[in-house]
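All residue numbers for the sequence shown refer to this note's numbering, where the first residue is 533 and numbers rise by one.
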Amino acid sequence: MKCTVITPVGPGHEMLAEACKASVQAAIRNGTGAFDRVDHAVVDDTAAKLGRSAARNGAVWRAVEEGADWVFFLDADDLLCADAFERVSPWITGYDAVWGAICEQRKESDDWTLRARQDEPIESLLQFLEFDPFYALQMGHFVRASVAREIPFDAGMDAGEDFDYYLRVWTHHRCIKVGAPLFINRRWQHSTGPRSASGHDWSRAIRRLRARYILEHRRELRRLLTARDGAAARRDKWRLRRWQVTWLGGAWMRLRAWRPARARSRA
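Right, here's the structure in full:
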């Protein structure tokens, strides 16, 4: 089984990409786990002619053509964990995409820490939607190459294309976020290309995306909410209470409060 690590290198990331490549080689030397072969596809977009989404999409197609079964999306300003391939191996038979805990490295420090509010895995679409996106998922993850080809990134988006992709993958495939980190996010580094987005741009984009998704999939979400057991609902209650103070939170609480007509008649 073959895995291809895909890394687009945008403007300003040339030097950072060297450390990124070194981390991939270190992980390969440490052990490839369930994979017989691991390649690293580095896409040079320092001239900003492609954009990160188009660069990833093109690399996925090439990886599939070259026989990749899985891909890992690793940004040039991040580092692959030395045991990433070993850590994901127990999960790849039962899932189509696997994320790890968000792990951060601060500027001028060799130490890394796990981001807060990650005390439990994410195992369902409902859990993913209920999590604050800042604490939910990041780009670095393993995904079956066939799924990555089926669900490309939206190359027309300058902000939020990652969350848009996550929504589509979690809707149609078996996904999980496990408790161990798979890569290290070097937070102080950002691309400087013409289509780079700020944190504010990203937050605004995902608010729109999440609200639109809930409205467009409200029937499916209602069925999932109705079927979910009481223990899971109690576990997630603190998140939903916190959401009540936001516009989107209000929409989600209305969705949570919905009950079938038969249930309402018995109340």
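Ideal Cβ positions, reconstructed from N, Cα and C, are used throughout, including at glycine. Here the structure is a predicted model, which means the values were calculated and not measured.
- Gly692 is not a Cβ neighbour of Ala743, given a cutoff of 7 Å.
- Here Arg700 has Ile683 as same chain residues with Cβ atoms under 7 Å from its own Cβ, once five neighbours each way along the sequence are excluded.
- The beta carbons of Met547 and Asp607 sit no closer together than 7 Å.
- The Cβ-Cβ distance between Arg676 and Trp602 falls below 7 Å.
- Look at His704 here: in three-state DSSP terms it is helix.
- Going by DSSP, Ile654 is part of no alpha helix (DSSP H) at all; its letter is neither H nor E.
- When rounded, the separation of the alpha-carbon atoms in Ala591 and Asp568 is 20 Å.
- Assigned with DSSP and collapsed to three states, Arg676 falls in strand.
- The C-beta separation of Trp631 from Leu669 comes to about 5 Å, placing the pair in contact by the 8 Å criterion.
- Around the beta carbon of His545, a 10 Å sphere encloses 16 or more other beta carbons of the protein chains shown; the residue is thus reported as buried.
- Contact between the stretch 550-559 and the stretch 635-649 is absent, with fewer than three C-beta pairs closer than 8 Å.
- Bridge pairing for Asp576: Val541 [DSSP].
- Between the stretch 570-577 and the stretch 652-668 there are fewer than three inter-stretch CB-CB distances shorter than 8 Å, so the stretches are not counted as touching.
- Around Val541, the same chain offers Ala549, Val574, Val575, Asp576, Asp577, Thr578, Ala608 as residues with beta carbons nearer than 7 Å, after the five sequence neighbours per side are excluded.
- Around the beta carbon of Thr758, a 10 Å sphere encloses fewer than 16 other beta carbons of the protein chains shown; the residue is thus reported as exposed.
- The three-state reading of DSSP puts Arg750 in helix, counting H, G and I together.
- Counting only the Cα atoms, Gly565 lies some 8 Å from Val620.
- By the beta-carbon neighbour count (other beta carbons within 10 angstroms, threshold 16), Lys581 is exposed.
- Distance from the CA of Ile538 to the CA of Asp696, rounded to the nearest whole angstrom, comes to 19 Å.
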